[in-house]
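Here the structure comes first, spelled out in C-alpha cells, and everything after it is commentary.
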Amino acid sequence: MSVPKTTAPRLSARRIEKLGFASLAGLSFLLVVPIIAVIIYIIIKGAPAISWAFLTEMPADGMKAGGIMPAIMGTIYLTLGTAVFSVPLGIAAAVYLSEYAPENRWTRAIRIAIINLAGIPSIVYGLFGLGLFVIFLNLGTSILAASLTLSIMTLPVIITTTEEALRAVPYAFRVVSTSLGTSRWETIRRVVLPQAVPGILTGVILGLERAAGETAPILFTGATFFLPQLPNSPLDATMALPYHLFVISTQVPGMPIQIQYGTVLVLLVFVLSMNIIATIIRSRARARRQW
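Okay, so the sequence shown: first residue is 892 according to this note's numbering, each after it adds one.
Have a look at this one:
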C-alpha cells in the first residue's frame, strides 16, 4: 500500500512546531532563571538584617544602626500620592481618547506624544518637577511635589494600557447597551469599564511600581538624606526606600552590607506585594468577565 504524499510534509511541520516550542521553552528558561537567582541572592544576603526593629525603628548613627521606618512609610506615601493624582486623570484621558475623541490627525498626534512621553528618562521628569512644582509653584521639596512629579511620569503608561483595555471590549457590548436606551456615559460606566478592569489594573500597577522604585524624580522634588521622624504633612520632605538605598550604597562609608541588602529586600517585597494584590484582583475580575 502506497504512503500518502501528505505524510512527509505533516511530519516536517510537526518537527518544526516541536522545535519552535522547544526554543521558546529554552528562551523562557534562560530569562526566568537569572531573575530567580537574583531574588534568591538578595534574600540570602538581606534576610539576616530583617527584624522587627529594622522595620519599625528610626535610623541612627548616620543610618548605620536603627531601622528604616521613615523610608518605608515615605515610599508608601509617595505611591499613594502618585495613585491619587495619576489614576483618575489617566483613566479619564484614556476614556476620552477611546470613546469620545474622533479619529483624526490630532488624536493620532496625541497618542504618539503619549507614547514618546513614556520613553523619556526619569531624570528629565525630576528636573521638570523641580522647576514647576518645587520652584514655580513654591511647594518646596515635599511629598506633594514628588507625588505630582511621579504622577506625570506614570500617566503615559496608565493612559496607554487603559485605552488598549477599553478598545479590547467588544463593540457589540456598546451597541446592545445603547439599544436598551442608555446614554453613552452610562454604557461606559456600567458596561465598558467593568469589563476592562483587568487591563486597566495592569497599567495602574505597572505605573505605580515604576513610581515606587524611582530615585531620580524624588531626588530633586521630595526625598531627603536623613529624617529621624515621620513627615507631618504633604508639604514635608520624606525619606524613601530607593533614595535611601542609593545613599547608603554610595554615600555612607563603612555601611554594613547586610543593611544594604536588607533595604533591597524590603523594597522588593513591597513591589512584589503590589503585584500579588493586583494579580488576585485581576483574576477575580476576569472570572466575572462576560467574554
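From the three backbone atoms N, C-alpha and C, an ideal C-beta is built for every residue, glycine too. On a predicted model such as this, the values are computed, not experimentally measured, just so you know.
Under 7 Å between C-beta atoms of residue i and residue j
i     : j     : result
Y1152 : G937  : yes
S1038 : L969  : yes
T1045 : A1004 : no
S977  : I931  : no
I1096 : A1176 : no
G972  : A1036 : no
T1052 : T1093 : yes
L1121 : M964  : yes
Beta-carbon separation (whole angstroms), residue i vs residue j, contact threshold 8 Å
i     : j     : result
I1014 : A1107 : 4 Å
G1020 : T1040 : 3 Å
L1217 : I934  : Since the first and last residues shown for the chain are 892 and 1182, residue 1217 lies out of range.
I1006 : P1047 : 7 Å
L1126 : S1033 : 5 Å
L1057 : V986  : 7 Å
Residue i - DSSP class collapsed to helix/strand/coil
i     : result
A1037 : helix
P1183 : Because the chain spans 892 through 1182 in this model, residue 1183 falls outside it and cannot be assessed.
P1144 : coil
T1093 : helix
P1122 : coil
A1103 : helix
P1108 : helix
M892  : With a pLDDT of only 48 at M892, under the threshold of 50, the placement of this residue in the model should not be trusted, and no figure is reported.
Alpha carbon of residue i to alpha carbon of residue j, nearest angstrom
i     : j     : result
N1029 : M960  : 28 Å
R1179 : P1085 : 9 Å
R905  : F920  : 22 Å
R1081 : K909  : 45 Å
N1123 : S1164 : 26 Å
E1055 : L1158 : 30 Å
G958  : A944  : 6 Å
P993  : A916  : 43 Å
Given 8 Å, three or more beta-carbon pairs between the segment 946–957 and the segment 1104–1119: yes
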